[in-house]
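Encoded as structure tokens, the structure appears first; notes follow it.
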Amino acid sequence: MTAPHGRALLHLAAALDQQAAYDAASHVELAQLAERGALDFVTLGDSFARPGLDGLGVLSRVAPATGRIGLVPTVTVTHTEPFHVQAAVATLDWVSRGRAGWRIDVSTTEREARLFGRRHASPEPSASLHALWQEAGEVADVAGRLWDSWQDDAEIRDEATGRFIDRDKLHYVDFEGATFSVKGPSIVPRPPQGHPVRVVDATDGPARRIAARYADVALVRVTGPAQARALRDELRHTAAEFGRSPDDLRVLVGLTVDLGDGECAAEPGWRSPLFERSRELGGGGGGSRQSAQGPLYRGGPVDLAELIAAWHGADAADGFHLTPVEPRRDLERLVNGTVALLQHRGLFRTFYPGSTLREHLGLARPANQYAVAGGAS
């Protein structure tokens, strides 16, 4: 599907993060609200550095209360067993009937390392971050192999012979990484999407190459369309160097939004690019302002719609990942105001044409690497 200017329709996602929220109902309510706006997916943050509910567990609870929207928890892959991580993400894909993703993250501090007691954090932060993201890339790699370790038709459930699995369609992955090894196969059948969607925040350098190599969705936190377009071009170029089609990578701008209690013009520095020259140049008087929370937009839903439309028209990004300052208030204003305006202008979908997160994003279901290789284990 394409927008009036000939480019693909926008992709929009929103964060469900709430401070000190320990109930399922509030997360379900927010996810259902986002689904009414036909957003591609919602995210839920998680970290070893702070107390809180397990993001993957919460979205497993949200799954049966929603029907179309993608569900993307943050999954920290440092200190955790890659085999268990992939099984948990595959399970979310099964219980959501093909709507799972996972936002891959790393853990950097000694305090977090002590929670597990397996190893110490590196005393050299820059070297440590590079190594941690290299390890995260290996986790993404082995997860894909384990998801493929069951061919799609490996389950035969033959009551007459008592055979549940065709063992010729079950494969060992025999993966050797720098910090772990996995033999496989997985204990969970191949997920409905083949590979649940991988999401990586590619703003910082060490994560960028991993995003280009493995991610389906890369998030970039920038304050202007020129920066966004440069990062998007870099990610697509690097993806091609890794032998990937650049068209298999979606790049979304990460933006914190404060939509206030009424319609108002964006504050100076936040105002959207309303003038033709700004549209042509993809910059000028619009964008967001850097804050302690990252790139932040503060204003009304109408100006936010103009900002998003202008950035998309300048080919700066494939869409936006929006984090509400006040989750209930801002998400409601986002769906009923900003999204409705973008839909009216033909820039965003009005309904879900498919049922899986990959379909929302316009991404094909990956072929099984072992089946393609002729079934050799």
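Heads up: the sequence shown is residues 970 to 1346, going by the working numbering. Don't be surprised by glycine CBs; every beta carbon is placed ideally from N, CA and C. Values in this document were obtained by computation on a predicted structure and should not be read as measured data.
From residue i to residue j, what distance separates their C-alpha atoms?
i	j	result
Thr971	Leu1228	28 Å
Asp1121	Gly1331	21 Å
Asp1272	Leu1303	11 Å
His1140	Ala1333	23 Å
Ala1176	Val1169	7 Å
Glu1128	Ala1059	26 Å
His1215	Ala1208	The question names His, but residue 1215 is Pro in the sequence shown. Using only the alpha carbons, I get a separation of about 6 Å.
Glu1004	Leu1115	30 Å
Tyr1339	Gly1268	51 Å
Leu981	Leu1291	8 Å
Ala1199	Leu1221	13 Å
Val1054	Ala983	23 Å
Glu1145	Glu1104	11 Å
Phe1017	Thr1130	47 Å
Phe1149	Leu1013	27 Å
Gly1021	Arg1030	15 Å
Ala993	Arg1297	14 Å
His1099	Val1027	30 Å
Glu1124	Asp1137	11 Å
Arg1019	Val1341	43 Å
Go ahead and pull the three-state DSSP assignment for residue i.
i	result
Thr1225	strand
Gly1306	helix
Tyr1141	coil
Ser995	helix
Val1054	helix
His1048	coil
Gly1263	strand
Glu1104	helix
Pro954	Because the chain spans 970 through 1346 in this model, residue 954 falls outside it and cannot be assessed.
Thr1077	coil
Ala1333	coil
Here's a check: name, in chain order, each residue in its chain whose Cβ is nearer than 6 Å to the Cβ of residue i, leaving out the five neighbours to either side.
i	result
Gln1312	Thr1319
Ala1336	none
Glu962	Absent from the model: residue 962. The displayed extent of the chain is 970 to 1346, so no value can be given.
Leu979	His1281, Gly1288, Leu1316, Phe1317
Gly1153	Leu1115, Ser1118, Tyr1141, Val1142
Glu1328	none
His996	Leu985, Val1027, Val1031
Comparing alpha-carbon positions, which option in the options lies nearest residue i?
i	options	result
Ala1321	Thr1047, Ala989, Phe1010, Gln988	Residue 1321 is actually Tyr in this sequence, not Ala. Per the Cα distances, Phe1010.
Leu1326	Gly1086, Thr1035, Ser995	Thr1035
Ala1039	Thr1047, Thr1045, Arg1072, Ala1171	Looking at the sequence shown, residue 1039 is not Ala but Gly. For the residues Thr1047, Thr1045, Arg1072, Ala1171, the minimum Cα distance to Gly1039 belongs to Arg1072.
Val1166	Gln1001, His1053, Ala1112	Ala1112
Phe1211	Ala983, Ala1181, Gly1163, Leu1316	Ala1181
Ser1142	Gly1163, Ile1134, Ser1118	One detail in the question is off: residue 1142 reads as Val in this sequence, not Ser. Among Gly1163, Ile1134, Ser1118, the Cα nearest to that of Val1142 is on Ser1118.
Ile1109	Ala984, Trp1280, Phe1052	The sequence given here places Ala at residue 1109; Ile does not occur at that position. Out of Ala984, Trp1280, Phe1052, Phe1052 has the C-alpha closest to the C-alpha of Ala1109.
Leu1008	Gly1014, Ala1018, Gln987, Arg1068	Arg1068
His1164	Phe1149, Ala1184, Val1151	Ala1184
Ser1324	Val1031, Arg1037, Leu1084	Arg1037
Gly1174	Arg1219, Pro1092, Leu1204, Ala1090	Leu1204
Val1218	Leu1224, Leu1188, Val1226, Asp1023	Residue identity differs from the one stated: residue 1218 is Leu in this sequence, not Val. Checked all of Leu1224, Leu1188, Val1226, Asp1023; the closest Cα to Leu1218 is Leu1188.
Val1226	Arg1213, Glu1295, Asp1202	Glu1295
Tyr991	Ala1000, Arg976, Ala977, Gly1024	Gly1024
Asp1015	Val1027, Asp1135, Thr1043	Thr1043
Ala1274	Lys1138, Thr1307, Leu1224	Thr1307
Val1151	Gln1259, Ala1171, Ala1056, Arg976	Ala1056
Gln1162	Gly1086, Phe1133, Gly1070, Arg1132	Gly1070
Short of 7 Å in beta carbon distance, which residues of its chain neighbour residue i, apart from the five on each side in sequence? Order them along the chain.
i	result
Leu1101	Thr1047, Val1075, Thr1077
Val1350	Given that the chain is displayed from residue 970 to residue 1346, the structure contains no residue 1350 and the question cannot be resolved.
Leu1002	Leu1300, Glu1301, Val1304
Gly1349	Here the chain comprises residues numbered 970 to 1346, so residue 1349 is not present and cannot be evaluated.
Gln988	none
Ala1278	Leu1311, Arg1314, Leu1316
Any heavy atom of the ligand ADP inside 8 Å of the beta-carbon of residue i?
i	result
Ala1336	In terms of ligand content, the structure shown is empty, and the ligand ADP therefore cannot be addressed.
Hey, does residue i have any beta-carbon neighbour from chain B nearer than 9 Å?
i	result
Gln1259	The structure shown contains no chain B, having only a single protein chain.
Check your understanding: Does the count of Cβ pairs from the segment 1142-1158 and the segment 1050-1068 closer than 8 Å reach three?
Key -> yes
Review point. Should the segment 1186-1202 be called in touch with the segment 1282-1295, which here means at least 3 C-beta pairs below 8 Å?
Key: yes
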